[in-house]
Every structure is written in structure tokens, then in C-alpha cells.
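Everything on this sheet refers to the single structure shown next.
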Amino acid sequence: MDLGYKGKGVVVTGGGSNIGRAISLTFAQEGANLMIGDVDTAQAEKVVAEANALNAGGKTITVKCDVTSLDDVQAMFKKANEEFGQIDVLVNNVGWDSMMLFTETTPEFWQKVININYIGVLNCCKTALDYMIERKTGAIVSISSDASRQGEFKEAVYGGVKGAINSFMKTIARENGRFGIRANVVCPGVTVPEEDQAIGDKSMWKGGMFTPEQLQKIGKAYPLRKIGRPQDIAYPVVFLASNVTAGHITGQVLSASGGYSMVG
Ligand SMILES: NC(=O)c1ccc[n+]([C@@H]2O[C@H](COP(=O)([O-])OP(=O)(O)OC[C@H]3O[C@@H](n4cnc5c(N)ncnc54)[C@H](O)[C@@H]3O)[C@@H](O)[C@H]2O)c1
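Basically our numbering = 1-based index in the sequence shown + 1148.
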């Protein structure tokens, strides 16, 4: 099935590591032209090489971009637009957390979580929408988390901010549908890297987030009895961003978490 990505311009933030890497490689496999914006240039360059080696018809490039900086984000989109001639898809994938009880957190920590997870999404959406509204087409997918739907232990600030993303994206969908722009959200559950090379030095997974025993326990708590893999998130993202497969879907929050949360 042709998802319609050939010749399209796609921007994936945090595309160097784990989930972002799988999303990037899946778009590349579909023949899209891809911009990876990441603070970790070394890791992003590795994914650029992997994506271009697929020879699927598109071109993958990267620029160093800190999504918390509006200047960086604007420069990234300008470069993508110059290279590809159009911006069709934005995937807000960057996210960060360090798990701890809310009572152990500090205002500095709250600010960091809000900046990386939320302000980054605002910067990217504001910039992408300028390009998309002009062409009256576009799709935005933001990566949230099941922590936004469940009330997750040791993820109070992160879960709250991801909940803000879910809500923000619904308004983006409502305000911009008239321009042919769709906006949706994918919520992963725990999604572990395939291998060590699949994560960068700035990855949340560097140094290990969970012990193997903890991962086994988490997997058992999911109805499908298994932990997520990055590809489990990449396919729903590519599905939701495609006007072929999801042309009438907007403002939706989809969990890809082995059934951990079930929101009707
Ligand atoms: N992996 C999981 O279990 C899980 C679960 C729920 C939600 N999520 C969400 O999925 C997304 C991806 O998670 P992951 O596990 O792949 O993360 P990761 O930490 O492995 O990768 C994040 C990538 O973003 C980059 N990055 C970090 N800060 C940045 C910034 N300010 N500007 C630009 N790039 C930046 C990092 O260099 C890295 O390449 C995040 O939004 C995360 O919150 C992940």
C-alpha cells in the first residue's frame, strides 16, 4: 500500500534515538524526504546514514536543533523547506523525564520538564503551521504518553505536561482543520530500545531506566503481556500522518501501549 509519502517533506524532532529513530526510518522507508532535528548530532547522523542507505527514494538530512529554542526550530524548518520545497508532516517526538516522586521534585526540574516536553511542541507547531496553512495541507503528530491518561507513579509533572499536549493538539485540530491540517497524538507505554546503538548519549535510556526484572513486571501488567518496541509506535505515527490512511482522522489521542490504558 502506498501511504503517499513520496516527495513529501517530513520533520521529526528527536529523531536520533529509540522511538524517534524508528519513526524516522519508517518515514524514510516510505520514500519521504526527512529532516531530523536533534540536539545529539552524532546520533542523528547515524540515523541519517541508515535512512539514506534504504534507498527508498527520499533524502534524509539533519540539523542540530534544540526544540526549546524558537530560533533553532525556525532555522530547522527553513532548511527543510529549502531542501524539500514543502513541509507536509511534523512529528513532535522529543520528550524527557527523570522518574521520581513529586515530593522529591524541584521547581528547576518542573521547568525543565515543561520546556523540553511542552514548549518544544509549541515552538514546532507554531513554526510548522505557518508553512502548512500557506499550502492548505499538513499533518502533525505529537508523541505523548500513557502517563497522561493513567496517573503514573513517579511521573507527576511529566504526565501533567503530556496531558497538556493531548489537550493542546485537540485545539490545534479544531482551529486548523479548515486549512486541511490534521493534528493527532500517539501515547506510548513503556517502549524499550531495540539495541544499544538505537539510543544516543542524551537518551533517557542511557544508563538504563528500568532493571530487566522491572521491565518483566511492567510487561505482565499490560493486557498484551509485553513491553512496547519502537516500531510499535512508528507504525501508528506513520498511519496517522498519512492523508491516505488517516485523511478523516483529527483531534484524536491513540494509545499504543499493549492495552495499558483503554480510553473510550
Ligand atoms: N520510551 C518510552 O518508554 C516512552 C513512553 C511514553 C512516552 N514516550 C515519549 O516518546 C518520545 C520518545 O521517547 P524515547 O524513549 O525515544 O526518548 P529518548 O530519550 O531515547 O530520545 C529522545 C531524543 O530527543 C533528543 N532530544 C532531547 N532533548 C531535546 C531537545 N531539547 N531538542 C531536540 N532534541 C532533543 C535526544 O537527543 C534523543 O535523540 C518522548 O516524547 C517520550 O516522552 C516514551
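Positions of the beta carbon are idealized from the N, C-alpha and C atoms, including for glycine.
Give me, in chain order, the residues of the same chain whose beta-carbon lies closer than 6 angstroms to that of residue i; leave out the 5 immediate sequence neighbours on both sides.
i: G1268; result: V1215, T1216 and V1242
i: T1174; result: A1382 and V1386
i: G1205; result: K1154 and G1179
i: N1314; result: S1292, S1296, V1333 and V1401
i: I1208; result: It should be pointed out that residue 1208 corresponds to Thr in this sequence rather than to Ile. Result list for T1208: A1176, L1182, V1196, A1199 and N1200, in chain order.
i: A1321; result: A1331, T1398 and G1399
Specify the secondary structure class of residue i as computed by DSSP and reduced to three states.
i: I1184; result: strand
i: S1290; result: strand
i: C1243; result: At residue 1243 the sequence reads Gly, which differs from the Cys that was named. Reduced to three states, the DSSP call for G1243 is coil.
i: S1315; result: helix
i: V1309; result: helix
i: G1299; result: coil
i: G1407; result: coil
i: L1270; result: helix
i: L1277; result: helix
Assuming the contact rule is C-beta atoms closer than 8 angstroms, residue i and residue j should be a hit. Round their C-beta distance to whole Å, please.
i: D1294; j: C1335; result: 5 angstroms
i: L1238; j: V1309; result: Their Cβ separation, rounded to whole angstroms, is 18 angstroms, which puts L1238 and V1309 out of contact at 8 angstroms.
i: L1402; j: N1332; result: 7 angstroms
i: G1479; j: Y1266; result: The chain is shown from 1149 up to 1412; residue 1479 falls before or after that span and cannot be answered.
i: M1248; j: K1212; result: So it is not a contact: roughly 29 angstroms between Cβ atoms.
i: D1186; j: G1163; result: 6 angstroms
i: G1157; j: I1235; result: 5 angstroms
For residue i, which residues in the same chain have their Cβ closer than 8 angstroms to its Cβ, ignoring the five residues on either side in sequence?
i: N1263; result: T1216
i: P1341; result: S1165, N1166, I1347, S1351, W1353 and P1378
i: I1091; result: The structure shown has nothing for residue 1091, since the chain only spans 1149 to 1412.
i: V1392; result: M1149, D1150, L1151 and G1152
Note down, in chain order, each residue of its chain lying with its Cβ closer than 7 angstroms to the Cβ of residue i, except the 5 sequence neighbours on either side.
i: E1193; result: T1210
i: G1367; result: R1373, K1374 and I1375
i: G1299; result: G1307
i: G1311; result: S1296
Any heavy atom of ligand 3 closer than 7 angstroms to the beta-carbon of residue i?
i: S1246; result: Ligand 3 is absent from the structure shown, which contains only ligand 1.
Self-check item: Runs of alpha helix (DSSP H) wholly within the stretch 1321 to 1395 (minimum 4 residues, chain order)
Solution: 1360 to 1369, 1378 to 1389 and 1391 to 1394
Quiz item: Can you list, in chain order, the stretches of the alpha helix (DSSP H) that have 4 or more residues and sit fully within the stretch 1159 to 1231?
Solution: 1166 to 1177 and 1189 to 1201
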